[in-house]
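Each residue of the sequence shown is one higher than the last, beginning at 134 in the numbering used here.
Virtual Cβ for every residue (Gly too), placed ideally from N, Cα, C.
The structure under discussion appears below in the form of structure tokens.
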Amino acid sequence: MNRLLRATPIYLIGALVAAAASGCGNTGGTFQMPEQSSVAAPFVDWVYYYIFWLCVFYFIHIMGMMGWFMWKYRRRPGHETQPSPHHNLPLEIAWTLPPVVLVITMFYYGFTGYVDVSTPPADAYKIEVRAKKWDWAFTYPNGGTDTILHVPPDQPVQVLMGSSDVLHSFFLPRMRVKKDVVPGRTSTAWWQISKTWLDQRMKNLSEAEKQADYIVDTLYCAEYCGTSHSAMRAPVRIYKTRAAFEAAVKKLNVVTPDKLYQLNCASCHSVDGTVMVGPSFKGIWESKRQVFDPANGETKTITADEAYLRESILQAGKLLSREGKEFDNQMAAQGFENKLKPADVDMLIEFLKDPEGWVAGKYAEPEKK
Ligand SMILES: [Cu+2]
Numbered sequence: 134m135n136r137l138l139r140a141t142p143i144y145l146i147g148a149l150v151a152a153a154a155s156g157c158g159n160t161g162g163t164f165q166m167p168e169q170s171s172v173a174a175p176f177v178d179w180v181y182y183y184i185f186w187l188c189v190f191y192f193i194h195i196m197g198m199m200g201w202f203m204w205k206y207r208r209r210p211g212h213e214t215q216p217s218p219h220h221n222l223p224l225e226i227a228w229t230l231p232p233v234v235l236v237i238t239m240f241y242y243g244f245t246g247y248v249d250v251s252t253p254p255a256d257a258y259k260i261e262v263r264a265k266k267w268d269w270a271f272t273y274p275n276g277g278t279d280t281i282l283h284v285p286p287d288q289p290v291q292v293l294m295g296s297s298d299v300l301h302s303f304f305l306p307r308m309r310v311k312k313d314v315v316p317g318r319t320s321t322a323w324w325q326i327s328k329t330w331l332d333q334r335m336k337n338l339s340e341a342e343k344q345a346d347y348i349v350d351t352l353y354c355a356e357y358c359g360t361s362h363s364a365m366r367a368p369v370r371i372y373k374t375r376a377a378f379e380a381a382v383k384k385l386n387v388v389t390p391d392k393l394y395q396l397n398c399a400s401c402h403s404v405d406g407t408v409m410v411g412p413s414f415k416g417i418w419e420s421k422r423q424v425f426d427p428a429n430g431e432t433k434t435i436t437a438d439e440a441y442l443r444e445s446i447l448q449a450g451k452l453l454s455r456e457g458k459e460f461d462n463q464m465a466a467q468g469f470e471n472k473l474k475p476a477d478v479d480m481l482i483e484f485l486k487d488p489e490g491w492v493a494g495k496y497a498e499p500e501k502k
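Rendered as structure tokens:
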């Protein structure tokens, strides 16, 4: 078993002592740290507080003595300037050795801890993560893809992450996981839900969580990646039981119109009338649309029938919507004509007939909800 998992109780005790020493601690989080929902969290916090309190100790002593000396040896009548003392061996050793030992312990815990949090256990559940401006997609071992991160309660999870555009960073503060997602390479991170935390959290469920079979958390992007960086979040579901987790993942490889929308379009098109990067889909079906024709520079009104919607997706840029503002031709860069299967486009057309209804779950089969 991984060294980190084996040593968890020791770190937990260390973290509790450190957190208690900080005067505001409990396993549900401290003034500086959120809840500790992963097995690595107590260790990470322990290292953090170890370094933090050492720094506080030295800061107070060094600043305090500086202030005191400035006062005590200030220039005043009747006190002549004294020559500085020469080399003092015991003093030199006293202020060199202990700090060196302390810095070595910081390095030791920092480095071994880093190695542990960077080495996923062999039995980890693997999830592929794709980051793009400005959302996340997760692909599970059965091929199902979702915009929600589903987390098993009883197994380490390893994420294999890639970016489709710029630098992003995968940040789960409660699990103490933060890892940059770099274009052109696969980064990885892992965590395991802490049983201690889960048991405690189960006694403290919100009303919504009592109804659901999971506990909610949030994934953040922690690397500034452009205009909507602050909205680049994804819901996280930590399942109460293994069975509930497996049932949720099993449903994912069923493709539905609303899922296609969530995965491909939702980062630019809302269904509630908000104009984001692109116009809103609210009430788009058979509506009159203002469009700009780049071929002749004219703006005209058309009806958003099936042919127009298909063309908007597959031949982006032929006509540019003017619904809300003057948009750039940002659809073209998505290359949907190569990315979407004909069946996907059919489903998206179904979606566009009633976007609000699809998102509200009007067409979901009861057991899929
Ligand atoms: Cu980002």
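*In the structure shown, what three-state DSSP assignment does M196 receive?*
In the structure shown, M196 sits in a helix (DSSP, three-state: H, G or I).
*Over what stretch of residues does the beta strand (DSSP E) that includes G295 continue unbroken?*
G295 -> beta strand (DSSP E) spans V290 to S296.
*C-alpha gap between F240 and Q215, whole angstroms*: So the alpha carbons of these two residues sit roughly 41 Å apart.
*Nearest-angstrom Cα distance between D313 and F303?*
Using only the alpha carbons, I get a separation of about 6 Å.
*Would you mind sorting D350 into buried or exposed? The rule is 16 or more other CB atoms within 10 Å of its CB.*
Burial is judged here by how many other beta carbons sit within 10 angstroms of a residue's own beta carbon; D350 has at least 16 and is buried.
_Our contact map puts S171 next to W324 with C-beta atoms below 8 Å; I'd like the distance itself, whole angstroms only._
Sure, about 4 Å apart at Cβ, within 8 Å.
*Return the chain-ordered ranges of every alpha helix (DSSP H) run that is complete within the stretch 289-354 and spans a minimum of 4 residues.*
Within the stretch 289-354, the complete alpha helix (DSSP H) runs of at least 4 residues are 328-335 and 340-344.
*For I326, count neighbouring C-beta atoms within 10 Å of its own C-beta (all shown protein chains included) and say buried if the count is 16 or more, exposed if not.*
Taking all protein chains in view, the Cβ of I326 is crowded by 16 or more other Cβ atoms within 10 Å, so the residue is classified as buried.
_Nearest candidate by alpha-carbon position, reference R263, set P254, Y273 and A257_ = For R263, the closest alpha carbon among the candidates P254, Y273 and A257 is that of Y273.
*How about E340: is its Cβ closer than 7 Å to a heavy atom in ligand 1?*
Within the chosen limit of 7 Å, ligand 1 does not reach the beta carbon of E340 with any heavy atom.
_Identity of the residue in T229, L442 and A493 nearest M464 by Cα_ = It is L442 whose Cα lies nearest to the Cα of M464.
*Pair within 8 Å by beta-carbon distance, L385 and T278*: A contact, by the Cβ cut-off of 8 Å.
_Where I371 sits in the DSSP three-state scheme_ = Reduced to three states, the DSSP call for I371 is strand.
*asked:* Please identify the residue among S445, V248 and T329 whose C-alpha is closest to the C-alpha of W418.
replied: Closest by alpha carbon: S445.
*Close Cβ partners of V315 (< 7 Å) along its chain, the five nearest in sequence each way excluded*: Exclusion of the five residues before and after V315 leaves S296 and L300 as the residues of its chain whose Cβ lies within less than 7 Å of its Cβ.
*For D332, is the classification buried or exposed, using 16 other Cβ atoms within 10 angstroms of its Cβ as the cut-off for buried?*
In summary, D332 is exposed, with fewer than 16 beta-carbon neighbours lying within 10 Å of its beta-carbon over all protein chains present.
*Compare the beta carbon distance of W269 and A364 with 8 Å and say whether it is the shorter of the two.*
No, the Cβ-Cβ distance between W269 and A364 is not below 8 Å.
*So what does DSSP say about C474, is it helix, strand or coil?*
Reading off the sequence shown, one finds Lys at residue 474, where the question assumed Cys. Coil at K474, not helix or strand.
*asked:* From the DSSP secondary-structure annotation, give me the bridge partner or partners of F425.
replied: Looking at the DSSP assignment, F425 forms a beta bridge with T432 and L453.
*Beta carbon of C358: closer than 7 Å to some heavy atom of ligand 1?*
At least one heavy atom of ligand 1 is nearer than 7 Å to the Cβ of C358, so yes.
_Supposed contact pair M409 and C401 - C-beta distance, whole angstroms, cut 8 Å_ = With a Cβ gap of about 6 Å, C401 and M409 count as contacting.
*Quick one: measure Cβ to Cβ for N462 and L453, integer angstroms, because I've assumed they're closer than 8 Å.*
Rounded, the Cβ-Cβ distance is 6 Å, consistent with contact.
_Shorter than 7 Å, the distance from the beta carbon of H362 to the closest heavy atom of ligand 1, or not?_
Distance from the C-beta of H362 to the nearest heavy atom of ligand 1 is below 7 Å.
*DSSP puts H283 in a beta bridge; with which residues?*
Checking the DSSP bridge columns, you'll see H283 partnered with R370.
*Exposed or buried, what is H283 when buried is set at 16 or more other beta-carbons lying within 10 Å of its beta-carbon?*
Result: buried.
*What did DSSP end up calling E419 once you bin it into helix, strand or coil?*
In the structure shown, E419 sits in coil (DSSP, three-state: anything other than H, G, I, E or B).
*Per DSSP, what kind of secondary structure is V248 in: helix, strand or coil?*
Judged by DSSP in its simplified three-state form, V248 adopts helix.
*Return the bridge partner residues of I260 from the DSSP annotation.*
DSSP lists V292 as partners of I260.
*From what residue to what residue does the alpha helix (DSSP H) around D111 run?*
With the chain represented from 134 up to 502, any question about residue 111 goes unanswered, as that position is not in the structure.
_Beta-bridge partners of W269, as assigned by DSSP_ = Per DSSP, A264.
_Distance, P488 Cα to K495 Cα_ = Cα to Cα, the separation comes out at about 10 Å.
*With DSSP as the reference, label S217 as helix, strand or coil.*
Note: S217 maps to coil in three-state DSSP.
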